[in-house]
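Down below is the structure, laid out as C-alpha cells.
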Amino acid sequence: MEIIIQPTPEAASAIAARMVGRLLGEKPDAVLGLATGSTPLLLYRELVQMKLDWSCVTTFNLDEYVGLASDHPASYHRFMWENLFRHVNIAEKNVHIPDGLVQDIPRFCRRYEMMIRVAGGIDIQLLGIGSDGHIGFNEPSSSLASRTRIKTLTEQTRAHNAAAFGGREQVPHHVITMGVGTIMDTRQVLLMAFGPDKARAVAEAVEGPITAMNPASILQLHPVAKIVLDEAAATHLRKADYYRWVYDNKPNWQKV
Ligand code: PGA
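Residue numbers (our numbering): 3 to 258.
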C-alpha cells in the first residue's frame, strides 16, 4: 500500500486527479471504476477543469440504491451526471451504473460482472471508505470474495447518507454494489478519505488485521493500492511519519 497524507482534501484531491489524468494520457480508452458520496466531489471538479479527453473512456460505478429511478435526486445516476459526466465528453453508451429498478437483480449483477470483463477489466478503481470500513456498499461482514450483488445497508450508513434523502426513513435499505472480489480484480485502487470521522476506519484498514469486519482492510492484498488522506483522516495511523517521509523522498520518476 502507498499511504499519501496531505494537509487538506483539496491537496489530496489534486494528487488523485493527476493520477487519473496520467492514466487517461497513457491510455485514452481506459476503464475507470467510479465512486459517489462527498469524498470524490473535489476530484471530479478537478478532473472537469483539466479538460481531459473522455471520448474513448469507459466507466463502471460501484453501486446504486435499489428502488430508485435514475432521475431520482438522490440516485447515484443523478449524482454522476451532475457532478462529472455532463461536464466532460464521455459517450453515454460507455457509462455503466447499476440499475436500481431492475427486476431480476441476480441476473443483472452477473451481467454487470460480465460487462466489466468484456471491457477488459477496470484500470483504476476510485473508492471512498465508510466510517465502518465499507468500500462500495460492502458493509462489515461482507464476503471478501464477493461479486456484484444486492446488499443491505447498516443503520450507520443509512444515517450517514440521510441528508440526500431528507431523512433516514427515506434511505433505501437495499443496494446493488460491486463486490469486494470485484474491487480486488481491478488493476489499481485509489482510496480517498477525508475528515476525522474516517480516521479509525482508515487506521484499521491500513494497519490492522485483514478482516471482513473492515472490508477495506482487504486492500492490503491488492498489488497497487494508493490511500490518499487529509491530515484529519490520518490521525490514528501509527506509522504516519514513515508514510510522509516515503512520499516526500520519492525518486522523481515515481512522482505524480
Ligand atoms: P462519503 O462516503 O464520501 O460520503 O463519506 C464514503 C463511502 O461511503 O464510501
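Where is the CB? At the ideal position from N, CA and C, for every residue including glycine.
Note down the Cα distance separating residue i from residue j, rounded to an integer number of angstroms.
i      : j      : result
GLY69  : THR60  : 25 Å
MET215 : LYS95  : 36 Å
ARG246 : GLN105 : 48 Å
ILE126 : LEU54  : 16 Å
THR159 : ASP199 : 13 Å
PRO42  : HIS89  : 15 Å
ALA19  : TYR46  : 8 Å
ALA13  : LEU239 : 19 Å
For residue i, which residues does DSSP report across the bridge?
i      : result
LYS228 : GLU4 and LEU192
ASN216 : THR213
GLN127 : GLY35 and VAL191
ARG151 : THR179
HIS98  : PHE62
ASN140 : ILE137
Could you tell me the boundaries of the beta strand (DSSP E) in which residue i lies?
i     : result
LEU70 : It is not in any beta strand (DSSP E) - LEU70 carries neither H nor E in the DSSP assignment.
PHE62 : 60-63
Specify, as a first and last residue, the run of the alpha helix (DSSP H) that residue i falls within.
i      : result
HIS162 : 157-162
LEU45  : 43-51
PRO9   : Premise fails: PRO9 is in no alpha helix (DSSP H) and is neither H nor E.
PHE167 : No alpha helix (DSSP H) contains PHE167, which DSSP labels as neither H nor E.
GLU233 : Premise fails: GLU233 is in no alpha helix (DSSP H) and is neither H nor E.
Among the options, which residue has its Cα nearest to the Cα of residue i?
i      : options                           : result
ILE92  : TYR78, SER57, ASN63 and ASP199    : SER57
ILE178 : ALA13, GLY23, ILE107 and ASP55    : ILE107
VAL97  : TYR78, GLY210, LEU103 and ARG109  : TYR78
TYR114 : ALA203, SER40 and GLY181          : GLY181
PHE139 : TRP83, ALA166 and PRO217          : PRO217
PHE87  : CYS111, GLY123 and LEU49          : LEU49
PRO9   : ASP250, LYS252 and ALA234         : ALA234
MET186 : HIS175, ASP65, GLN222 and VAL258  : GLN222
ALA166 : ILE6, THR38 and ILE7              : THR38
GLU209 : THR188, LYS241 and ALA227         : LYS241
SER72  : MET116, ASP101, SER148 and GLY197 : ASP101
ILE152 : HIS162, ARG109 and ALA13          : ARG109
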